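K.L.:
For what it's worth, this note's numbering labels the leading residue of the sequence shown as 2, then goes sequentially.
C-beta: ideal position from N, C-alpha, C; glycine also.
Every value quoted in this text rests on a predicted model; they were computed, and no experiment measured them.
Below you'll find the structure I mean.
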Amino acid sequence: MPVATYTFGDFRPDLPDIGTKGVTLAKNVVPNESSYLPFKGMSIDTTALTAYARGAIALSDKDGNTETYCGDATKLYRLVNSGGTLTWTSIGGSTYATGDENYWQFIKWGEKVIATNRDNNIQIADFGGGTFGDLGGSPPKAKQIGVVRGFIVLGDIDDGTEYVSRLQWSGLENETSWGTIPTTQSDFQDLVGDGGKIMAIAGGDIGVVFQERSIWEMEYVGTPLVFRIKEASVGMGTPASKSVVRYGNSVFFLSQDGFMRYDIGGGLTPIGDKRIDQWFFERANNLKYHRITGIIDVPNAKVMWSYCNGDGDPDEILIYDWKTNNWSYAEVSHEMIFGGRGVGYTLDGLDAVSTSLDALPASLDADIWKGGQLAAYVFNTEHKSGTFGGAALTARLETGEIMGEDMDMLFLDRVRPLVEGATATNTVFMATRNTLNTDFTYGSGVTENTIGEHNFRVPARYIRLRLDIANGFEKAVGVRANIKSGGIR
Numbered sequence: 002m003p004v005a006t007y008t009f010g011d012f013r014p015d016l017p018d019i020g021t022k023g024v025t026l027a028k029n030v031v032p033n034e035s036s037y038l039p040f041k042g043m044s045i046d047t048t049a050l051t052a053y054a055r056g057a058i059a060l061s062d063k064d065g066n067t068e069t070y071c072g073d074a075t076k077l078y079r080l081v082n083s084g085g086t087l088t089w090t091s092i093g094g095s096t097y098a099t100g101d102e103n104y105w106q107f108i109k110w111g112e113k114v115i116a117t118n119r120d121n122n123i124q125i126a127d128f129g130g131g132t133f134g135d136l137g138g139s140p141p142k143a144k145q146i147g148v149v150r151g152f153i154v155l156g157d158i159d160d161g162t163e164y165v166s167r168l169q170w171s172g173l174e175n176e177t178s179w180g181t182i183p184t185t186q187s188d189f190q191d192l193v194g195d196g197g198k199i200m201a202i203a204g205g206d207i208g209v210v211f212q213e214r215s216i217w218e219m220e221y222v223g224t225p226l227v228f229r230i231k232e233a234s235v236g237m238g239t240p241a242s243k244s245v246v247r248y249g250n251s252v253f254f255l256s257q258d259g260f261m262r263y264d265i266g267g268g269l270t271p272i273g274d275k276r277i278d279q280w281f282f283e284r285a286n287n288l289k290y291h292r293i294t295g296i297i298d299v300p301n302a303k304v305m306w307s308y309c310n311g312d313g314d315p316d317e318i319l320i321y322d323w324k325t326n327n328w329s330y331a332e333v334s335h336e337m338i339f340g341g342r343g344v345g346y347t348l349d350g351l352d353a354v355s356t357s358l359d360a361l362p363a364s365l366d367a368d369i370w371k372g373g374q375l376a377a378y379v380f381n382t383e384h385k386s387g388t389f390g391g392a393a394l395t396a397r398l399e400t401g402e403i404m405g406e407d408m409d410m411l412f413l414d415r416v417r418p419l420v421e422g423a424t425a426t427n428t429v430f431m432a433t434r435n436t437l438n439t440d441f442t443y444g445s446g447v448t449e450n451t452i453g454e455h456n457f458r459v460p461a462r463y464i465r466l467r468l469d470i471a472n473g474f475e476k477a478v479g480v481r482a483n484i485k486s487g488g489i490r
């Protein structure tokens, strides 16, 4: 075998390792067209909550200023930029009691934010520092919430009696009208069948409602029906409420059968099948599906899902690129992820950028001081939040097993990583075995020599290569390896 290029193809750990054209490991990287990019660690810049984060949302007011809210077991918070210090400030009207497997869900309602956790009365607050208080009109408690065509829609509700498969909605553009009131169009409907609990409401012009074992579309048709609610998928739902994330007319989610995309009017597409579904189910702690959080990383066109591999907090993040249909993952101990927005600056806060007005990168009326830049945000295990804007984590990419076409022994003597980026520090590992019924073993890592090659002298019938990249890089494409035939013995 001559010198050959082994590109880092798709991450498909569900396929056999032998002869695969993809990678069997893609850790701490981000999938990209014909390559992988670095995954950056956390950059934390806020004060701490009093307990672990149970939900968060970032919104923009009518002037484009960013409002960010979150909740833990007993408090609701607003993020305040005070003199350059980002502080989670409690603005709850009372002390809350969120159950062990419950969480806060938030929606934007005009210039207000509404929050629910099923254990307490639904809360509402004005933008700009208003204190949370009970939503008027005596709505039921609810675990799920969304906005569909000018209505607040609740699911899995408790009005003194639990109705886990009931949808209930407010009056049209009237958050304080609840019950069956024809003049405001508020009403409710129970979802019939064996769908189970309502697990998520993906709001929009047409709402998509997820049960444990069913998916429904919710389309506004006006009086007297108000909504046409039709079952779009029977037997397919989600076991993880917060895995459901919507982007345009597509909704990405974890089903009992793996990761899926649901397109309104277009049906279901399995996106993890024969790729990462089996790998995920073997890793994820199914007793902690309530800790899964999913987001759309809009600037990078990715979906990210945070989950628990062990018994503690979430410690891994699965990354899906819907343009290339490829995957990767990162190892990061954290509490949850959410779709955030850059926080604006006060005049006092500008001192953190520069103490000189003349040295500021833009005029005082520029949009960058309002904030609002979309990004993936995270809470660390100290209950503080920030972005993935830190130093690049050490990446690890692993090829499938390489074998000779004539079944001869192979001899590898040098490897050259195809990694762009002046800061990258590459270490190559080689694993070998001579029969498929024995485990492969990795030797010690080999660093590069003066001409950028990594030297080996190991014969084997089956070979795989692993590349660790420290200190950041631009793109990881693959490796070049000189592998020779070494005979049949």
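#1: Going by CA-CA distance only, name the one from A432, I199, G259 that's closest to R119.
#2: Among residues of its own chain, excluding the 5 on either side of K22, which ones have a beta-carbon nearer than 6 Å to its beta-carbon?
#3: Taking Cβ to Cβ, would you say F40 is nearer than 7 Å to V24?
#4: Comparing alpha-carbon positions, which option in A5, L16, L26, P14 lies nearest D469?
#5: Enumerate, from N- to C-terminal direction, the unbroken beta strand (DSSP E) stretches of 3 or more residues contained entirely within the region 442 to 485.
#6: What are the start and end residues of the alpha helix (DSSP H) that includes F281?
#7: So for R292, helix, strand or coil by DSSP?
#8: Quick check on DSSP: helix, strand or coil for N491?
#9: From F133, V193, I123, pick the residue whose C-alpha is nearest to that of S91; which is it?
#10: Under 7 Å, do H384 and A57 count as touching if we go by C-beta distance?
#11: Can you check whether the CB of Y308 is closer than 7 Å to the CB of I293?
#12: In angstroms with no decimal places, state the Cα-to-Cα distance between G273 and F260.
#13: By DSSP, does P3 sit in helix, in strand, or in coil?
#14: Report all residues from its chain with a CB closer than 8 Å to the CB of N450; omit the five preceding and five following residues, and keep chain order.
#15: Using the three-state DSSP reduction, which class does P14 fall into: helix, strand or coil?
#16: Using the beta-carbon count (16 or more within 10 Å), is I464 buried or exposed?
#17: Do three or more CB pairs link the region 429 to 436 to the region 54 to 70 at distances below 8 Å?
#18: Sort K243, G196, T47 by Cα distance to S234 and report the nearest one.
#19: So does the region 120 to 132 actually touch the region 78 to 96, counting three or more Cβ pairs closer than 8 Å?
#20: Thinking C-alpha only, which one of P183, T442, R462, D414 is nearest A1?
#21: Using DSSP with H/G/I as helix, E/B as strand and the rest coil, what is N29?
#22: Can you name, in chain order, every residue of its own chain whose Cβ lies under 8 Å from the Cβ of T96, other than the five neighbours on each side?
#23: Cβ atoms of S334 and T382: under 7 Å apart, would you say?
#24: Alpha carbon to alpha carbon, how far is I207 from D101? Give it in angstroms, no decimals.
#25: Touching or not, the region 133 to 143 and the region 104 to 122, by the rule of three or more beta carbon pairs under 8 Å?
#26: Compute the distance between the beta-carbons of A392 and G42, then report whether it is under 7 Å.
#27: Take V354 and list the residues in its own chain whose beta-carbon comes closer than 6 Å to its own, dropping the five residues that flank it on each side.
#28: Decide if P19 is buried, meaning its Cβ has at least 16 other Cβ atoms within 10 Å, or exposed.
#29: Under 7 Å Cβ to Cβ from D15, same chain only, skipping five residues before and after it: list those, please.
#30: I'd like the span of the beta strand (DSSP E) that includes Y164, first residue to last.
#31: Just the C-alpha distance for A98 and D159, rounded to the nearest angstrom, thanks.
#32: Identify the continuous beta strand (DSSP E) that holds C71 and give its terminal residues.
#33: Can you tell me where the beta strand (DSSP E) with I199 in it begins and where it stops?
#34: Going by CA-CA distance only, name the one from P225, G473, N250 that's closest to G268.
#35: Where does S35 land, buried or exposed, given buried means 16+ other C-beta within 10 angstroms?
#36: When you compare only the Cα positions, how much space is there between V149 and T424?
P.N.:
The short version:
#1: I199
#2: G10
#3: no
#4: L26
#5: 455 to 461, 463 to 471
#6: 278 to 284
#7: helix
#8: No answer is possible for residue 491: the residues shown for the chain start at 2 and end at 490.
#9: F133
#10: no
#11: yes
#12: 5 Å
#13: coil
#14: N456
#15: coil
#16: buried
#17: no
#18: G196
#19: yes
#20: Because the chain in this structure spans residues 2 to 490, residue 1 falls outside the shown range and cannot be described.
#21: coil
#22: T75, K76
#23: yes
#24: 32 Å
#25: yes
#26: yes
#27: Because the pLDDT of V354 is 49, which lies under 50, any placement of that residue in the model is unreliable, and the question is left without a value.
#28: Here residue 19 turns out to be Ile, not Pro, going by the sequence shown. Exposed is the call here.
#29: K275, R276, I277, D278, Q279, W280
#30: 163 to 170
#31: 15 Å
#32: 67 to 72
#33: 199 to 203
#34: N250
#35: exposed
#36: 48 Å
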